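One structure is given below, encoded as structure tokens.
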Amino acid sequence: MDKTKRKAIIAGNWKMNKTPSEAKTLLEAVVPAVKDADCEVIACVPFVDLSVALETTKGSNVKIGAENCHWAESGAFTGEISAPMLKEMGVEYVVLGHSERRQYFGETDETVNKRTKAALAAGLKPIVCVGELLWERECDITEEVIARQIKLDLFNVTADELKNIVIAYEPVWAIGTGKTATADQAEEVCAFIRATIAKLYSQADADAVTIQYGGSMNDGNADELLSKTNVDGGLIGGASLVAEKFAAIVKAASK
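Residue numbering for the sequence shown follows the working numbering, beginning at 2 and increasing consecutively.
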């Protein structure tokens with residue numbers, strides 16, 4: 002991390018876990034455990050948990066994010082949630098383009114771009130996820146895959162809008178598998194993402210963008226991963242569901 006140039010951010014991505022009552026219990030443990038954090042702390046929770054999460058974290062340093070949003074402000078999209086709906090609730094961040102959304106629900110770079118633009122227009126801060134499949138890494142096309150995703154997902158996003166975007170590098174082969182990219186592998190791709198953004202915008206713009214690592218970061222490997230120059234935080238899955246583990250990762254990012 003280089004905190005002189007950009008913000009360090011640790012965000013929990015709860016996925017489809019925790020009922021509202023369970024969310025309240027977890028956040029009641031998280032809030033005091035991270036109150037002295039020297040980084041941004043976010044809990045991205047299921048839609049049904051947003052109200053209780055916002056209430057439980059009120060007045061604390063823990064920000065609340067959603068796990069997705071639609072690109073339309075309103076309309077005949079049964080079961081979907083719009084960015085303005087989230088904004089009015091008090092949500093600050095939203096995860097977009099997670100590999101599970103792409104894999105299981107047919108999301109594409111085009112729809113991720115549309116969602117990103119909608120989120121920005123509503124005043125939300127998107128956490129845009131990119132990452133390669135194991136097959137793509139084995140075929141040595143990681144950089145081509147990542148560059149394509151960055152270019153498409155950020156299409157028509159202005160330099161001013163980029164200031165409100167977080168990029169999360171999530172190698173698909175390391176999500177929920179217990180496998181983790183080595184610190185050097187994470188640094189290599191995060192540095193490539195920054196270089197790609199520099200080509201699309203400017204080096205100053207790229208230097209200011211927070212790039213998280215999100216492939217099974219946990220309390221045991223966070224120190225090493227976060228020691229790398231271009232790894233500015235983490236998008237945390239399983240470890241974010243245990244207050245002590247999540248707090249340990251936040252502590253690592255606060256050094």
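We put the CB at the ideal spot given by N, CA and C, even for glycine.
Since the model is a prediction, treat every value here as computed from it, not as a measurement.
* Completely contained beta strand (DSSP E) runs for the region 81–131, where each covers 3 or more residues -> DSSP runs (the beta strand (DSSP E)) wholly in the region 81–131: 94–97, 126–131.
(message) Buried or exposed, going by whether 16 or more other CB atoms sit within 10 Å of the CB of D39?
(response) Classification for D39: exposed.
Inset, instruction - Tell me, please, whether the region 162–182 touches the region 98–115 by the rule of three or more beta-carbon pairs shorter than 8 Å. - result: Contact between the region 162–182 and the region 98–115 is established, with three or more Cβ pairs separated by less than 8 Å.
Taking only the alpha-carbon atoms, compute the straight-line gap between G107 and S22 and give it to the nearest angstrom.
-> For G107 and S22, the distance between alpha carbons rounds to 31 Å.
- Task: Using beta-carbon positions only, say whether I82 and K64 come within less than 9 Å of one another.
- Result: Their beta carbons are not under 9 Å apart, which means I82 does not touch K64 by this criterion.
- request: Could you check the C-alpha separation between V251 and I212 for me, to the nearest Å?
  value: Separation of V251 and I212 (C-alpha to C-alpha, rounded to the nearest whole angstrom) is 15 Å.
Fill in: C-beta atoms of N219 and K246 nearer than 9 Å
Yes.
Problem set entry | Opposing strand residues paired with L236 [DSSP bridges] | Answer is A12, bridged to L236.
- Query: Which residue from F78, V32, N18, A84 puts its Cα closest to that of D50?
  - Reply: The shortest C-alpha separation from D50 is found at N18.
Note to self: Tell me which residue opens and which closes the alpha helix (DSSP H) that E139 is part of.
What the structure shows: Where E139 is concerned, the enclosing alpha helix (DSSP H) stretches over 135–139.
Stretch-stretch touch, CB-based, cutoff 8 Å, three pairs: the region 84–102 with the region 112–130:
Between the region 84–102 and the region 112–130, the count of C-beta pairs closer than 8 Å reaches three or more; the two stretches touch.
Would you tell me roughly how many angstroms separate the C-alpha atoms of V333 and S203, rounded to the nearest one?
Outside the modelled stretch of the chain, which goes from 2 to 256, sits residue 333, for which no answer is possible.
- Task: Taking only the alpha-carbon atoms, compute the straight-line gap between A77 and N114 and give it to the nearest angstrom.
- Result: Going by the C-alpha atoms only, they are around 20 Å apart.
Got a sec? Which residues, its chain only, sit under 8 Å from P33 by beta carbon, not counting five neighbours each side? No residues qualify anywhere along the chain.
message = Using a Cβ-Cβ distance cut-off of 9 Å, determine whether A148 contacts chain B.
response = This model lacks chain B altogether; it includes just one protein chain.
Checklist entry - Is it the case that the Cβ atoms of D185 and R195 are separated by a distance below 9 Å? => result No.
Check: Between the beta-carbon of A12 and the beta-carbon of G234, is there less than 9 Å?
Finding: Going by C-beta atoms, A12 is nearer than 9 Å to G234.
Measure the C-alpha to C-alpha separation of V129 and G98 and round it to an integer number of angstroms. Those two C-alpha atoms are separated by around 6 Å.
**Report entry** Of the listed residues G179, R138, V131, nearest to V167 (C-alpha basis)
**Finding:** Of G179, R138, V131, the residue nearest in Cα terms is V131.
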